[in-house]
Amino acid sequence: MNGVSVFTNKEFGDVSVISVDGKPYFDGIDVCKILGYKNKNDAINRHCKKDTIVFHDSVLVTGKKVNGDNIKKTIKRAFISEGNLYRLIIKSKNKEAEKFEKWVMDEVLPTIRKEGGYYHDHRFVEKLIRICNSQHRDIERLICDRKANEPYINIGKTVSSSDNAISIGGFAKVLKNIGVDIGRNRLFAWFRANGYIMKQGMENQPKQVYIDRGLFVTRQYSINTSDGIRISVTPYITGKGQVYFIDKIREEFCYGRFYKNV
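Just so you know, the sequence shown maps onto residues 1 to 262 in the UniProt record's numbering.
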């Protein structure tokens with residue numbers, strides 16, 4: 001489990017994030033506050049899967065001592081997985097939920113996947129200098145010349161993996177939850193029309209180039225038939241692929257290009 005990074009947005013404020021096994025976990029209370037949940041702990045308990053919630057020590061300033069020093073208290077904060085983040089977004093009645101989702105998907109997650117961390121501005125880097133004495137020299141050089149010191153930004157691991165891959169039908173349900181009611185069959189048609197999966201031969205199998213890019217994985221299953229054992233290959237969309245395709249499909253669907261393509 002890595003240290004806490006802070007995502008900053010002028011409209012939504014701050015969201016704390018930690019990395020667990022290379023995957024981002026978001027501060028559940030921060031997320032619920034942004035999404036307008038009144039009872040934040042109840043929202044986490046009702047909408048989030050328990051096996052993808054972790055608890056992380058956070059320091060809370062509760063007051064001031066006589067000498068002016070801060071009074072600090074260490075508390076356990078619930079951090080939720082990317083999947084749980086989407087569950088809270090989907091269930092939220094806040095009209096800003098879609099904006100928040102767009103910020104996370106368009107800016108935050110791509111930055112994490114590319115750089116392993118999120119640096120909103122120099123004030124955030126300066127804060128890291130104060131709390132990370134062991135990395136003080138590296139971060140100070142980063143402030144002086146960030147472009148010349150990009151390796152120091154890459155302190156994390158990629159968060160996308162095949163572990164959270166879902167089927168085409170499952171992805172169709174995800175799209176429906178965010179307002180794009182495509183259905184499994186039309187989704188397959190969209191993938192074929194846009195060249196992501198094969199039209200002939202091994203029909204409905206992802207093209208190798210998109211497997212190599214980490215957008216798809218395939219899984220083989222053995223099926224007993226009257227003619228013997230048949231091998232069935234099923235395509236799945238990775239976490240990286242889900243983020244990639246959600247924006248593309250939603251944009252085409254919303255602007256009326258979907259039906260033309262399929």
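Cβ coordinates follow ideal geometry from the N, Cα and C atoms, glycine included.
Is any non-hydrogen atom of the ligand FMN found closer than 8 Å to the C-beta of Ser16, if you look at the structure I gave you? Looking for the ligand FMN in the displayed structure turns up nothing, as the structure carries no ligands at all.
Shortest alpha-carbon distance to Asn204 belongs to which of Ser226, Ile237, Asn177, Gly36? Counting from one through the sequence shown, the residue named residue 204 turns up at place 204. The option with the nearest alpha carbon to Asn204 is Ile237.
Three-state class that DSSP yields for Val174 in the structure shown: Along the sequence shown, one-based indexing puts residue 174 at 174. Looking at Val174 - three-state DSSP - the assignment turns out to be helix.
Give every residue of the same chain whose Cβ lies closer than 6 Å to the Cβ of residue 264, excluding the five residues on either side of it in the sequence, and list them in chain order. Residue numbering for the chain in the displayed model covers 1 to 262; residue 264 lies beyond these limits and cannot be assessed.
Run the CB neighbour count on Ile231, radius 10 Å, all protein chains shown included, and call it buried at 16 or more, exposed below. As a first step, residue 231 must be located in the sequence shown, where it is residue number 231. Ile231 comes out exposed.
Please report the straight-line C-alpha distance between Gly228 and Thr218, rounded to a whole angstrom. Against the sequence shown, residue 228 aligns to sequence position 228. Against the sequence shown, residue 218 aligns to sequence position 218. Each residue's Cα considered, the two are about 22 Å apart.
With distance defined between alpha-carbon atoms, name the residue in Lys176, Leu187, Asp181, Ile223 nearest to Ile168. Here residue 168 corresponds to residue number 168 of the sequence shown, with the count starting at 1. Checked all of Lys176, Leu187, Asp181, Ile223; the closest Cα to Ile168 is Leu187.
Would you say Ile90 and Asn9 are within 9 Å of each other, going by their C-beta atoms? On the sequence shown, residue 90 is found 90 positions in, with the first residue counted as 1. On the sequence shown, residue 9 is found 9 positions in, with the first residue counted as 1. Cβ distance not < 9 Å, so Ile90 and Asn9 don't count as in contact.
Counted within 10 angstroms of its Cβ, other Cβ atoms place Ile18 as buried (16 or more) or exposed: For the purposes of this step, residue 18 is taken as residue 18 along the sequence shown, with counting starting at 1. Its Cβ being crowded by 16 or more others within 10 Å, Ile18 is buried.
Can you give me the Cβ contacts of Leu215 inside the same chain, cut-off strictly under 8 Å, excluding the 5 residues immediately before and after it? If you number the sequence shown from 1, residue 215 lands on position 215. The answer, listed in chain order, is Tyr196, Pro206, Ile237, Thr238, Lys240, Gly241, Tyr244, Phe245.
If contacts are defined as beta-carbon pairs under 8 Å, then Arg87 and Cys48 qualify, I think. What distance do you get, rounded to the angstrom? Here residue 87 corresponds to residue number 87 of the sequence shown, with the count starting at 1. Here residue 48 corresponds to residue number 48 of the sequence shown, with the count starting at 1. Yes, Arg87 and Cys48 are in contact; Cβ-Cβ is about 6 Å, under 8 Å.
Is Ile44 closer than 9 Å to Ile34 when the C-beta atoms are compared? As a position in the sequence shown, residue 34 is number 34, starting the count at 1. As a position in the sequence shown, residue 44 is number 44, starting the count at 1. In this structure, Ile44 does not lie closer than 9 Å to Ile34 by Cβ.
Can you tell me which of the three DSSP states Arg219 falls into? In the sequence shown, counting from the first residue as 1, residue 219 sits at position 219. Strand.
Compare the C-alpha of Val61 against each of Thr74, Asp21, Thr225 and name the closest. Within the sequence shown, numbered from 1, the residue matching residue 61 stands at position 61. Of Thr74, Asp21, Thr225, the residue nearest in Cα terms is Thr74.
Lys38 burial status per 10 Å Cβ neighbour count (16 or more: buried): Within the sequence shown, numbered from 1, the residue matching residue 38 stands at position 38. Classification of Lys38: exposed, given that the 10 Å Cβ count is below 16.
Just to confirm the assignment, what range does the beta strand (DSSP E) spanning Ala78 have? Taking the first residue of the sequence shown as 1, we reach residue 78 at position 78. Start and end: 70–80.
Assigned secondary structure, Arg230 (DSSP; H/G/I helix, E/B strand, else coil): As a first step, residue 230 must be located in the sequence shown, where it is residue number 230. It is a strand residue.
Measuring CB to CB, does Pro24 end up less than 9 Å from Glu98? Against the sequence shown, residue 24 aligns to sequence position 24. Against the sequence shown, residue 98 aligns to sequence position 98. Going by C-beta atoms, Pro24 is not nearer than 9 Å to Glu98.
Go through its chain and collect everything with a Cβ distance to Val59's Cβ below 7 Å, but skip five positions before and after it. Walking along the sequence shown from the start, residue 59 turns up at place 59. The residues are Lys72, Thr74.
Which word fits Val104, buried or exposed, when buried means at least 16 other C-beta atoms lie within 10 angstroms of its C-beta? Counted from its first residue, the sequence shown places residue 104 at position 104. Counting Cβ neighbours within 10 Å, Val104 comes out buried, since at least 16 surround it.
Please classify Ile3 as buried or exposed, where buried requires at least 16 neighbouring CB atoms within 10 angstroms. Taking the first residue of the sequence shown as position 1, residue 3 is located at position 3. This sequence places Gly at residue 3; Ile is not what is there. So Gly3 ends up on the exposed side.
Between Lys93 and Gly36, which are expected to be in contact by the criterion C-beta below 8 Å, what is the C-beta distance as a whole number of angstroms? Within the sequence shown, numbered from 1, the residue matching residue 93 stands at position 93. Within the sequence shown, numbered from 1, the residue matching residue 36 stands at position 36. Yes, they are in contact, since the Cβ atoms of Lys93 and Gly36 sit about 7 Å apart, within 8 Å.
Taking its Cβ as the centre, do 16 or more other Cβ atoms sit within 10 Å of Ile29, making it buried, or is it exposed? For this step, residue 29 is matched to residue 29 along the sequence shown. Flag for Ile29 reads buried.
For the alpha helix (DSSP H) that contains Gly63, what are its first and last residues? As a first step, residue 63 must be located in the sequence shown, where it is residue number 63. Run containing Gly63: none in the alpha helix (DSSP H); it sits in the beta strand (DSSP E), 53–64.
Going by beta carbon distance, what residues of the same chain come within less than 6 Å of Leu175, once the five residues before and after it are set aside? Position 175 of the sequence shown, counted from the start, is the residue given in the question as residue 175. Hits under 6 Å: Ile182.
Where the alpha helix (DSSP H) through Val180 begins and ends: Position 180 of the sequence shown, counting from 1, holds the residue named residue 180. No alpha helix (DSSP H) contains Val180, which DSSP labels as neither H nor E.
When DSSP labels each residue in this structure, what does Tyr37 get in the three-state scheme? Here the question's residue 37 lines up with position 37 in the sequence shown. Correct three-state label for Tyr37: coil.
Neighbour-count burial assignment, Phe55, 16 or more Cβ in a 10 Å radius: Locating residue 55 in the sequence shown gives position 55, where the first residue counts as 1. Counting Cβ neighbours within 10 Å, Phe55 comes out exposed, since fewer than 16 surround it.
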